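> For reference, the structure I am asking about is given below.
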Amino acid sequence: MTQEQRPTRTGLDWPRAQTFLAQERARFHEAHPRSAALAARARDHLLFGVPLHWMNDWGTPFALHVDHASGAQVTDVDGHTLTDFCLGDTGAMFGHSPAPVAAAVARQATRGFTTMLATEDAAVVGEQLAQRFGLPVWQFAMSATDANRYIVRWLRAATGRKKILVFNGCYHGTIEDVFVDLVDGRPVQRDSLLGQVHNLLDTTVVVEFNDLAALDAALADGDVACVLAEPVMTNIGMVLPEPGYWAEAQQIIRRHGTLLVMDETHTISTGPGGYARAQGIAPDALVLGKPVGGGVPCAVYGMSAELAARVERAKREAPPGHSGIGTTLTGNMLAMAAMRAALTEVMTPAAYGHMLALAQRLAAGLREVIARHGLPWCVTQVGARTEFQFCPTPPRNGSEADRILDGELEHLIHLGLLNRGVMITPFHNMMLVCPQTTDEHVAQLIGALDEALTQITQKA
Ligand SMILES: Cc1ncc(COP(=O)(O)O)c(C=O)c1O
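This is the structure:
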């Protein structure tokens, strides 16, 4: 969004917003001397001064350093306790250190971390996943990125097709294949991708979400192994499927002999079986990372019996040697113990009951604040995941969602919230509620947003 578009498109008084930003940055500096000192110390030996360069993408003037996190709260090294609606961008969607997972991890910690062998937990986790998602056969990975990478490799091998199809504006982790966008309707490799040497356009097809005709046309040559999709786009801001979209899309995908992989890593916010199960979509394969181990690094991917048979045949018929699938620590004993606890004791219908009801109240509160300030913004929700977007009606595809992103404005709002004791995701305006989030936390967020908006919106 350009500087000129901003006031009319967002309803803001931009000079006032700039003054607010300067104040908030000064306030953050003053309140975080220990974080500042640690950020300065880390600069010498950590690339970009942080463990992962994205950690500089928060709206803070320097990296906030955490002392500890528990339930719905994060306490920083300067002693501020923040109400956390970011929740590790979904890794902690069931709260920080959920007690059953913490206990399972503590138990396992003296019984070995990794042996390249299964424990009893593996069988239990397989059964739990099958029951929950309705897909019978499962494998593991260390991250959702890896799970996506492996399922795509399996499906290419099983189908003998090289191409995959993704939706414009998608994100499925750092699996390279998906970094293809539509720019003015034409596919281009995302130019932010570092060190990429293969031309992704040879093997990745990209279409807009909610465009059935484009999907049909893109699959017509019968050379696409799979559609890799989030059932609701969540990474370019949220984009909901139009009513009936997936039922129709699924028929098209099947007609072309293509397989459907649902990446439920974020949309597990919908309910215990994810968005697909709740909506009666029957994907051939499903990926889930982030919260599946209660925040302990691990991920899973599952598939139908029919697909599993094809996958097993592909492996049997391949020459012996490295498959390109798996890492040494995949399925390690610690991760399996964490997943068992998360699946059996944490990601429960009762937990979802609380989260979904509270998220409804959050969405209603946000709509009320936005209306009160007369802003042309909307609120989108997928279960426990809620987002406000800088447009009056929700975007229908990646291009529309991309046009309304405004990193500068997002950071300004996020910093204003942080200084008022509330943390939301640094990318767009996403908020999650967890089982430990309370009505008071939601009221705190709404109040903080109200206060920040009062300072940056145009006065009548
Ligand atoms: C839908 C989706 N899939 C996969 C991933 C990758 O997860 P990870 O970074 O844990 O590998 C993400 C990360 O944000 C995601 O949003």
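The sequence shown lines up with residues 14 to 473 when you count with this note's numbering.
Even glycine gets a Cβ: it sits at the ideal position worked out from N, Cα and C.
No experiment lies behind these values; they were computed from the predicted model shown.
Going straight from the alpha carbon of Arg145 to that of Ser156, what length do you get?
Between Arg145 and Ser156, the C-alpha separation is close to 20 angstroms.
> Grab me the residues of Gly104's own chain with a C-beta within less than 7 angstroms of its C-beta, minus the 5 sequence neighbours each way, in chain order.
Here the set comprises Lys303, Pro304, Gly308.
> How far does the beta strand (DSSP E) with Arg267 in it reach, from first residue to last?
Per DSSP, Arg267 belongs to no beta strand (DSSP E); it is in the alpha helix (DSSP H), 258-268.
> Using the C-alpha atoms, what's the distance from Arg268 back to Phe75?
The alpha-carbon atoms of Phe75 and Arg268 are separated by roughly 52 angstroms.
> Is the CB-CB distance between Val240 and Leu178 below 7 angstroms?
Yes, they are a contact pair.
> What's the gap between the Cα of Ala119 and the Cα of Gly108?
Computed Cα separation, rounded: 17 angstroms.
> I'd like to know whether the C-beta atoms of Gly284 and Ala295 end up nearer to each other than 7 angstroms.
No, these two residues do not count as a Cβ contact at 7 angstroms.
> Compare the C-alpha of Met368 against each of His45, Ala85, Arg54 and name the closest.
Measuring from the Cα of Met368, the nearest candidate turns out to be Ala85.
> If I follow the unbroken alpha helix (DSSP H) through Pro46, where does it start and stop?
Segment 46-55, the alpha helix (DSSP H) holding Pro46.
> Would you say the beta carbon of Thr438 is closer than 6 angstroms to some non-hydrogen atom of ligand 1?
No, the Cβ of Thr438 stays beyond 6 angstroms of every heavy atom of ligand 1.
> Please return the same chain residues whose Cβ sits closer than 7 angstroms to the Cβ of His424, not counting the five positions on each side in sequence.
Here the set comprises Gly72.
> Answer yes or no: the CB of Glu319 versus the heavy atoms of ligand 1, is any distance below 6 angstroms?
No, Cβ of Glu319 sits at least 6 angstroms from all heavy atoms of ligand 1.
> So Arg199 is in the beta strand (DSSP E); what residue range does that whole segment cover?
From DSSP, the beta strand (DSSP E) with Arg199 extends over 199-202.
> DSSP on Ala226, reduced to helix/strand/coil?
In this structure, Ala226 counts as helix in the three-state DSSP scheme.
> May I ask you to verify whether the region 401-414 touches the region 42-60, counting CB pairs closer than 8 angstroms and requiring at least 3?
No, they do not touch.
> Between Thr343 and ligand 1, is there a pair consisting of the residue's CB and a ligand heavy atom that are separated by less than 6 angstroms?
Outside the cutoff, so no.
> Give the DSSP-derived three-state secondary structure of Glu255 in the structure shown.
Note: Glu255 maps to coil in three-state DSSP.
> By the 10 Å Cβ neighbour count, where 16 or more other Cβ atoms means buried, how is Asn212 classified, buried or exposed?
Classification of Asn212: exposed, given that the 10 Å Cβ count is below 16.
> For ligand 2, any of its heavy atoms closer than 6 angstroms to the Cβ of His66?
For the structure depicted, ligand 2 is absent and the ligand set comprises only ligand 1.
> Would you mind reading off the limits of the beta strand (DSSP E) that contains Ser83?
Element bounds for Ser83: 79-83.
> Using a Cβ-based criterion (distance less than 6 angstroms to any ligand heavy atom), does Asp229 qualify as near ligand 1?
The answer is no for Asp229.
> Taking Gly250 and Glu400 to be in contact with their CB atoms under 8 angstroms, please state how far apart those CB atoms are, rounded to whole angstroms.
About 6 angstroms; that satisfies the 8 angstroms criterion.
> Does the beta-carbon of Val156, which I'm using as the reference point, lie nearer than 6 angstroms to any heavy atom of ligand 1?
Residue identity check: residue 156 is Ser in the sequence provided, not Val. Within the cutoff, so yes.
> If you follow the beta strand (DSSP E) that Gly315 is part of, which residue opens it and which one closes it?
That run of the beta strand (DSSP E) goes 312-316.
> Determine, using beta-carbon pairs with one atom in the region 193-200 and one in the region 211-225, whether at least three such pairs fall under 8 angstroms.
As far as the Cβ criterion goes, the region 193-200 touches the region 211-225, which means the pair count is three or higher.
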